[in-house]
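Following: one structure in structure tokens, then a few remarks.
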Amino acid sequence: MPHYLSVGDVPPKRHTQHRDAGGRLRYEELMGEEGFSSDSSLLYHREIPSAITDARPWEVPGQGLIANHPLKPRHLALHSLWGDDDWRTTDAVTGRRLLLGNADVRISYAVTGAPSPYYRNGLGDECVYVESGTARVETVFGALTVRAGDYVVLPRATTHRWLPDGDLPLRLYCVEANSHIGPARRYLSRNGQLLEHAPFCERDLHGPTEPLLATGEDVDVLVKHRGPDGGILGTVFTQATHPFDVVGWDGCLYPYTFSVHDFEPLTGRVHQPPPVHQVFEAENFVVCNFVPRKVDYHPLAVPVPYYHSNVDSDEVMFYSGGDYEARKGSGIGQGSVSLHPGGHAHGPQPGAYERSIGADHFDELAVMVDTFRPLALGEGALAAEDPGYAWTWAGRGPAA
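My numbering applies: residue 193 is where the sequence shown begins, and numbers increase by one.
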């Protein structure tokens, strides 16, 4: 959906000869969704983009999943997953630890300080939320500067790499789809413009502004791709020439950033349901965020969420800042993830319902993923779980 951009050197008309100053032809590549039936961009390479000199297997780490059984809510303390200095040698691609997943989405977490390899996700779009730190993300379209609070949306098959900045860890919450990720359709006009009722607009979406014009030979690119029966496979391609040799491109398909701080929250007299906090949608899941905001102003309002049963979805909340009122007393804090599965009623911790009465503002920052198929647990979830969370509403666990 991102609006049309033109970056670098492109010819006046598509699919026509485009030559450099010496008369040598550029090589045009169409990168498009849904065959030739949806958003696309045209990229102009110095060299042939499909030229490879080697292909060998890449064992994608830690993709195993086990069922959430017996069914129960879970709290994952993600900051416990890395030691004090382990992040310095971890990168944002091979260092991801899988938390939750199903056939539509995989959610991972990484704490990194090392440059990543060149990488391309051939399974679906990625939406990576930056919890803390800064980085430069180099892509075939150009570079993005990212910082805490940014969503980095990377279309399927975008070759890129992560380059962390500074001496602080780069903490990334990675949402990988098996489909495309874009703004909620109800925010869009029939021609794709963000409407007046949308909580953000095109000015808030930031794509690359100039090509990288990289040179080099025999560049390895890690590619995650589809295997038989829905499995995930990995291949390392050795590209004959540098994949970032693009001199220019134009179109409506490209990576971009959106800052959570540019999301304008919608409020009301009584508690508003989660869809008002939605940012993105994909096939069988949505992404919402909860930002600092004024809360309900009916004189009898109860500002924290009412108890609710997720009949059709699993709810995953990543707590990335502020003071989340509804979860006080549960052990949840900065860097926590809660999983509240379909089939189980959930809501505020004991005491939060009463304490919220009279509040006029919440200072909280969280990213929520709601899925429409049940989520299974990955290696990272099992390593980071707080085993007592499910019993915090009752104040006691199972009888001995």
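Glycine is no exception: its CB is placed at the ideal position from the N, C-alpha and C atoms.
Three-pair Cβ contact test at 8 Å for the stretch 207-224 versus the stretch 236-256
yes
Pull up the distance between the alpha-carbon of Y489 and that of A551, whole angstroms please.
Working through the sequence shown from its first residue, we reach residue 489 at position 297. Working through the sequence shown from its first residue, we reach residue 551 at position 359. Answer to the nearest angstrom: the Cα atoms are 9 Å apart.
I think V329 touches V345, with their Cβ atoms under 8 Å apart; what is that distance to the nearest whole Å?
Residue numbering aside, residue 329 sits at position 137 when the sequence shown is read from its first letter. Residue numbering aside, residue 345 sits at position 153 when the sequence shown is read from its first letter. The pair is not a contact, with the Cβ atoms about 11 Å apart (cut-off 8 Å).
Apply the 10 Å Cβ neighbour rule to E577 and answer buried if 16 or more other Cβ atoms are within range, or exposed otherwise.
The residue given as residue 577 occupies position 385 in the sequence shown. With 16 or more Cβ atoms within 10 Å of its Cβ, E577 is classed as buried.
Reference P265, options V561, P533, E368, closest by Cα:
Translated into the one-based positions of the sequence shown, residue 265 becomes position 73. The candidate whose alpha carbon is nearest that of P265 is P533.
Is V297 closer than 8 Å to T584 when the C-beta atoms are compared?
Here residue 584 is taken as the residue at index 392 of the sequence shown, counted from 1. Here residue 297 is taken as the residue at index 105 of the sequence shown, counted from 1. Their beta carbons are not under 8 Å apart, which means T584 does not touch V297 by this criterion.
Where D246 and V428 are concerned, what is the direct C-alpha to C-alpha distance, given to the nearest angstrom?
Looking up residue 246 in the sequence shown gives position 54. Looking up residue 428 in the sequence shown gives position 236. Spanning the two alpha carbons is a distance of roughly 8 Å.
Sort Y446, R348, P361, V438 by Cα distance to R418 and report the nearest one.
On the sequence shown, position 226 is the one that residue 418 refers to. The option with the nearest alpha carbon to R418 is R348.
Using only CA atoms, which one of P465, L268, G316 lies nearest to V415?
To locate residue 415, count along the sequence shown from 1; it is residue 223. V415 has its Cα closest to that of G316, out of P465, L268, G316.
Within 10 Å of its beta-carbon, does V338 have 16 or more other beta-carbons around it, so buried, or fewer, so exposed?
The residue given as residue 338 occupies position 146 in the sequence shown. It counts as buried.
Do S512 and V471 have their C-beta atoms closer together than 8 Å?
Translated into the one-based positions of the sequence shown, residue 512 becomes position 320. Translated into the one-based positions of the sequence shown, residue 471 becomes position 279. No, Cβ-Cβ distance for S512 and V471 is not below 8 Å.
Return the Cβ separation of P400 and W279 in integer angstroms, given the expectation that the two are a contact with Cβ distance under 8 Å.
Position 208 of the sequence shown, counted from the start, is the residue given in the question as residue 400. Position 87 of the sequence shown, counted from the start, is the residue given in the question as residue 279. About 27 Å separates the two Cβ atoms, so there is no contact after all.
Report yes if the C-beta distance between V332 and V202 is below 8 Å; otherwise report no.
Counted from its first residue, the sequence shown places residue 332 at position 140. Counted from its first residue, the sequence shown places residue 202 at position 10. Going by C-beta atoms, V332 is not nearer than 8 Å to V202.
Sorted by chain position, which residues of the same chain lie with C-beta nearer than 6 Å to G580's C-beta, five sequence neighbours on each side aside?
Walking along the sequence shown from the start, residue 580 turns up at place 388. For G580, where only same-chain residues beyond five positions count, there are no Cβ hits under 6 Å.
G539 versus Y196 - alpha carbon distance:
Here the question's residue 539 lines up with position 347 in the sequence shown. Here the question's residue 196 lines up with position 4 in the sequence shown. Rounded to whole angstroms, G539 to Y196 spans 42 Å at the Cα level.
Sequence-distant residues of the same chain with beta carbon closer than 8 Å to E409, five excluded per side:
In the sequence shown, counting from the first residue as 1, residue 409 sits at position 217. A432, T433, H434, listed in sequence order.
Quick one: measure Cβ to Cβ for C480 and P466, integer angstroms, because I've assumed they're closer than 8 Å.
Counting from one through the sequence shown, the residue named residue 480 turns up at place 288. Counting from one through the sequence shown, the residue named residue 466 turns up at place 274. Their Cβ separation, rounded to whole angstroms, is 6 Å, which keeps C480 and P466 in contact under 8 Å.
Let's see if you can read the secondary structure: which residues bound the beta strand (DSSP E) around Y511?
As a first step, residue 511 is located in the sequence shown; it is residue number 319 there, counting from the start. First-last of the beta strand (DSSP E) with Y511: 506-514.
What do you get for R461, buried or exposed, if any count of 16 or more other CB atoms within 10 angstroms of its CB means buried?
Within the sequence shown, the letter at position 269 stands for residue 461. Exposed, by the Cβ-count rule.
Which residue's Cα is closest to the Cα of N370: F482, P194, E225, R211?
Sequence index remark: in the sequence shown, residue 370 carries index 178 (1-based). Selected option, being the one with the closest Cα: E225.
State the start and end residues of the unbroken beta strand (DSSP E) segment that holds Y301.
Residue numbering aside, residue 301 sits at position 109 when the sequence shown is read from its first letter. Run containing Y301: 297-304, per the beta strand (DSSP E) assignment.
Secondary structure, alpha helix (DSSP H): runs of 4+ residues fully inside the stretch 207-242
none
Report back the beta-carbon spacing between C366 and V320 to the nearest angstrom; my notes put them in contact at under 8 Å.
If you number the sequence shown from 1, residue 366 lands on position 174. If you number the sequence shown from 1, residue 320 lands on position 128. With a Cβ gap of about 5 Å, C366 and V320 count as contacting.
Euclidean distance between Cα positions of S198 and E394:
By one-based count along the sequence shown, residue 198 stands at place 6. By one-based count along the sequence shown, residue 394 stands at place 202. Roughly 15 Å between the two C-alpha positions.
Per DSSP, which residues does W354 bridge with? Please list them.
On the sequence shown, position 162 is the one that residue 354 refers to. W354 pairs with V329.
Apply the 10 Å Cβ neighbour rule to I299 and answer buried if 16 or more other Cβ atoms are within range, or exposed otherwise.
Locating residue 299 in the sequence shown gives position 107, counting from the first residue. With 16 or more Cβ atoms within 10 Å of its Cβ, I299 is classed as buried.
Assign I524 to one of two classes, buried (16 or more other C-beta atoms within 10 Å of its C-beta) or exposed (fewer than that).
Taking the first residue of the sequence shown as position 1, residue 524 is located at position 332. Buried, since its Cβ has 16 or more Cβ neighbours within 10 Å.
Within 8 Å, strictly: CB atoms of G570 and L257
Here the question's residue 570 lines up with position 378 in the sequence shown. Here the question's residue 257 lines up with position 65 in the sequence shown. In contact: G570 and L257 (Cβ atoms closer than 8 Å).
Measuring only the C-alpha atoms, how far is H469 from G214?
Here the question's residue 469 lines up with position 277 in the sequence shown. Here the question's residue 214 lines up with position 22 in the sequence shown. Each residue's alpha carbon lies about 53 Å from the other.
According to DSSP, which residues form a beta bridge with P416?
Here residue 416 corresponds to residue number 224 of the sequence shown, with the count starting at 1. Before going on, a small fix: residue 416 reads as Lys here, not Pro. According to DSSP, K416 bridges with N313, G426.
Expected contact under 8 Å - CB spacing of R485 and F392 to nearest Å:
Residue mapping note: residue 485 aligns to position 293 of the sequence shown, counting from 1. Residue mapping note: residue 392 aligns to position 200 of the sequence shown, counting from 1. About 14 Å; that fails the 8 Å criterion.
Which one of R377, L387, I424, L445 has the shortest CA to CA distance from E251?
The count along the sequence shown starts at 1 and reaches residue 251 at position 59. Cα-wise, what sits closest to E251 is I424.
Length at least 3, wholly inside the stretch 267-293: the beta strand (DSSP E) runs in chain order:
289-293
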